[in-house]
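Quick note, the sequence shown lines up with residues 13 to 154 if you use our numbering. Everything on this sheet refers to the single structure shown next.
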Amino acid sequence: MKFCHVDAVAEIEKKVYQNPWTKHAFINEILDNGFAYYYVALAEGKVVGYGGIWVILDEAHVTNLAVSPAWQGKGIGKALLAHLIKEAAGKGASRMTLEVRVSNLRAQALYQKFGFVPCGIRPKYYHDEDALVMWLTELRYY
């Protein structure tokens, strides 16, 4: 992700999430967080999705993964997740974790297709809902 993508990413974030990250949060991630790596999906010359990871030692954490509602169901989320896994493995991570709303069955199904396994619940992770913690313990290049 480049600085020029931040406005579009923040707009998608607002459309997709109930508690969106701010534009400034993304700016801080790409400018000030040495563990953070963010990527965008482009179609028709515009940002249609994005994903981010933190890689610390041998572990990666998916911080964000979102696709613009108009572009959902077209394989963009799948491609972004595959890219995040590949990038994390290339940066030395051997495992990856994420949190997802317990009600977000569509996202959970995608993660499970990639081998993520539910491993626990974080109560009240979101202001109105618990999070399901999922782990992928063997990163593969996609």
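No residue lacks a Cβ here, since even glycine has one placed at the ideal position from N, Cα and C. What you are looking at is a predicted structure, and each value in this text was computed from that prediction instead of being measured.
Where residue i falls: helix, strand or coil (DSSP)
i, result
"D70", "coil"
"D19", "helix"
"M89", "One point to set straight first is that residue 89 is Gly, not Met, in the sequence displayed. G89 falls in the helix class under three-state DSSP."
"L144", "strand"
"R118", "helix"
"E150", "coil"
"G132", "strand"
Residue i vs residue j beta-carbon contact at 8 Å
i, j, result
"L92", "G63", "yes"
"V18", "F47", "no"
"I2", "A53", "A query on residue 2 cannot be resolved here, the shown segment of the chain reaching from 13 to 154 and no further."
"H73", "L122", "no"
"L69", "R107", "no"
"Y50", "I39", "no"
"V79", "V60", "yes"
Min CB distance residue i to chain B below 8 Å
i, result
"R113", "Annotation note: the requested chain B is absent from the structure, which comprises a single protein chain."
Residue from the options whose Cα sits closest to the Cα of residue i
i, options, result
"L77", "V67, L144, K90", "K90"
"P81", "W147, T109, R152, V21", "V21"
"P32", "L144, L151, H139", "H139"
"Q30", "Q120, K86, V112", "V112"
"S115", "D70, Y137, Y50", "Y137"
"Q120", "R107, K26, M146, T34", "M146"
"G127", "F15, E141, L148", "L148"
"I24", "R118, E141, Q84", "Q84"
"A37", "V28, T75, L144", "T75"
"H95", "L117, Q124, I65", "I65"
"E71", "E99, L144, K125", "E99"
Contact test: residue i Cβ vs the ligand SAM heavy atom, cutoff 7 Å
i, result
"N116", "Among the components modelled here there is no ligand, and therefore nothing to report on the ligand SAM."
Exercise. Any chance the segment 99 to 107 sits against the segment 120 to 134, with 3 or more Cβ pairs inside 8 Å?
Worked result: With contact defined as three or more Cβ pairs closer than 8 Å, the segment 99 to 107 and the segment 120 to 134 are not in contact.
For this session: Write down every uninterrupted run of the alpha helix (DSSP H) in the segment 25 to 87 whose length is 4 residues or greater and which is fully enclosed by it, in chain order.
Result: Runs found: 35 to 44.
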